[in-house]
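Chemist:
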Amino acid sequence: MAPTYCGIDGVVRKLKEWPVGINGVVHQQKEVWAGVDGVKKRIFSTGIPIGTLPVGTEVNVLESGSPVPYVIVHQGNPDTSKYDDSCTGTWLLEKNIKDVGQWRAYDQTPTSFRRCAIRTFMNGQKLGRFSASLQSAIKTANIPCKDSQGEFVQPCKVFPPDIKELGFYGGGGCADNGSVLNYFSGGSNTQKVIKTKDGVPYDWYSRTPWQNTNPWTSVRITNNGFTIDNKGTFSYGYAAMFILPQTFLIGENLVM
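Those letters in the sequence shown? Residues 0 to 255, per numbering that gives the first Met the number 0, in order.
Structure follows, in structure tokens:
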């Protein structure tokens, strides 16, 4: 949709609002439609395509009606050699910790993201807090994973990030599950990966398994911004990530 302009005090300005008086009361319109060449067209919208926002922009996602801050951490596809087109879009990562749980519900051999507790929670209870329209818009992404059975892709709507996506080197026994996202590229990411719960720095889980133990354990990000492997039956924070089409409009369910 092309921008809408009007003249104000002899100056052409692009409209960001479209107030209309109804019964003596000013109402801000979210959309305005008009007939153009006999066709109904939307000529004004308060929505901004999320794909036009720069990496690092913070937006609020409504979860059960309450705003939860997320950060845009990537625009586009991080690496077409590892991610298919289902992963092309606007990547959003939860800014801080709201939920806590296990990486897996019990000892597993092998440790695998295929059937772990964190994936089940994020694609069930967490996703269920979003509005139906936002749930529908979120892409089902084939995210790259690895376990002792080999490399695979796991379809997910909501998922935790891999440590490679967070900009960590990922060597020394960490399974190679992805590529760095733009927000975490270009230097030290210590402050960017530290997350708080109730204002206090808090350890949280990546989706990366640690493959130098038997059974494999999982990798978490510590409260001072480093990585460590641990038994996945311990409870730490969950930070959700999901991908939206870049044409998705900022609006009622996802606001600035």
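C-beta atoms are modelled at their ideal positions from N, C-alpha and C, and glycine is treated no differently. Just so it is clear, the structure is predicted and the values come from calculations on it, not from any experiment.
So, is valine 11 buried or exposed, given that buried needs 16 or more other C-beta atoms within 10 angstroms?
Modeler: Any reading at valine 11 needs caution, since the residue's pLDDT is 40, under 50, leaving its predicted position unreliable; the model's value is listed next. Flag for valine 11 reads exposed.
Chemist: Since proline 154 sits in a beta bridge, which residues does DSSP pair it with?
Modeler: Answer by DSSP bridge pairing, in chain order: Asn141.
Chemist: Where does cysteine 5 land, buried or exposed, given buried means 16+ other C-beta within 10 angstroms?
Modeler: At cysteine 5 the pLDDT is 47, less than 50, meaning the model places this residue with poor confidence and gives no usable figure here.
Chemist: Which two residues bound the contiguous alpha helix (DSSP H) that contains glutamate 120?
Modeler: The amino acid at residue 120 is misidentified as glutamate; the sequence shows phenylalanine. Its alpha helix (DSSP H) spans residues 116-120.
Chemist: Ends of the beta strand (DSSP E) at glutamine 74?
Modeler: Note, glutamine 74: beta strand (DSSP E), 65-75.
Chemist: Return yes when the Cβ of asparagine 252 is within less than 8 Å of the Cβ of leucine 133, no when it is not.
Modeler: Yes, the Cβ-Cβ distance between leucine 133 and asparagine 252 is below 8 Å.
Chemist: If you drop the 5 nearest sequence neighbours on each side, which residues of the same chain put their C-beta closer than 6 Å to that of phenylalanine 247?
Modeler: The answer, listed in chain order, is Ile49 and Ala136.
Chemist: Please report how far the alpha carbon of phenylalanine 151 lies from the alpha carbon of cysteine 144, in whole angstroms.
Modeler: Rounded to whole angstroms, phenylalanine 151 to cysteine 144 spans 5 Å at the Cα level.
Chemist: Can you find at least 3 beta carbon pairs, one from the region 192-212 and one from the region 221-233, that sit closer than 8 Å?
Modeler: Cβ pair count under 8 Å is three or more, so yes.
Chemist: Using a Cβ-Cβ cut-off of 7 Å (strictly less than) and excluding sequence neighbours within five positions of alanine 116, which residues of its own chain qualify?
Modeler: Excluding sequence neighbours, alanine 116 sits near Gly100, Gln101, Trp102, Arg103 and Ala104.
Chemist: Is the region 46-60 touching the region 148-167 in the sense that three or more CB pairs, one from each, lie closer than 8 Å?
Modeler: In short, these stretches do not touch, since the Cβ pair count stays below three.
Chemist: Round the Cβ separation of lysine 196 and isoleucine 71 to the nearest angstrom and send it over; I've been treating them as touching at under 8 Å.
Modeler: The pair is not a contact, with the Cβ atoms about 22 Å apart (cut-off 8 Å).
Chemist: Go through its chain and collect everything with a Cβ distance to asparagine 176's Cβ below 7 Å, but skip five positions before and after it.
Modeler: Excluding residues within five positions, the ones whose Cβ falls inside 7 Å are Pro143, Cys144, Lys145, Asp161, Lys163, Arg206 and Thr207.
Chemist: Kindly indicate which residue of Asp84, Ile249, Ser65 and Gln210 has the alpha-carbon position closest to the one of serine 111.
Modeler: Closest by alpha carbon: Gln210.
Chemist: Considering only their Cβ atoms, is the gap separating lysine 194 from tyrosine 182 smaller than 8 Å?
Modeler: For tyrosine 182 and lysine 194, no; Cβs fall outside 8 Å.
Chemist: Over what stretch of residues does the alpha helix (DSSP H) that includes lysine 191 continue unbroken?
Modeler: First-last of the alpha helix (DSSP H) with lysine 191: 189-192.
Chemist: Can you name the start and end residues of the beta strand (DSSP E) that leucine 91 belongs to?
Modeler: Run containing leucine 91: 88-93, per the beta strand (DSSP E) assignment.
Chemist: Do you know offhand how far isoleucine 242's Cα is from lysine 81's?
Modeler: Distance between the alpha carbons of isoleucine 242 and lysine 81: 16 Å.
Chemist: Is it right to say alanine 131 is buried, meaning 16 or more other beta carbons lie within 10 angstroms of its own, or is it exposed?
Modeler: It counts as exposed.
Chemist: Which one of Pro154, Gly185 and Lys156 has the shortest CA to CA distance from phenylalanine 167?
Modeler: Closest by alpha carbon: Gly185.
Chemist: Candidates Asp36, Phe120, Val179 and Phe233: which alpha carbon is nearest glutamine 74's?
Modeler: Measuring from the Cα of glutamine 74, the nearest candidate turns out to be Val179.
Chemist: The alpha helix (DSSP H) that contains serine 234, what's its start and end?
Modeler: Looking at the DSSP string, serine 234 is not in any alpha helix (DSSP H); the run it does join, the beta strand (DSSP E), is 234-237.
Chemist: In the DSSP assignment, find the beta strand (DSSP E) that holds serine 135 and state where it starts and stops.
Modeler: No beta strand (DSSP E) holds serine 135; the alpha helix (DSSP H) holding it covers 131-136.
Chemist: On the three-state DSSP scale, how would you describe aspartate 146?
Modeler: Three-state DSSP puts aspartate 146 in a strand.
Chemist: Mind checking who glutamate 62 pairs with in its DSSP beta bridge?
Modeler: Partner(s): Ser65.
Chemist: List the DSSP bridge partners of tyrosine 201.
Modeler: Answer is Lys194, bridged to tyrosine 201.
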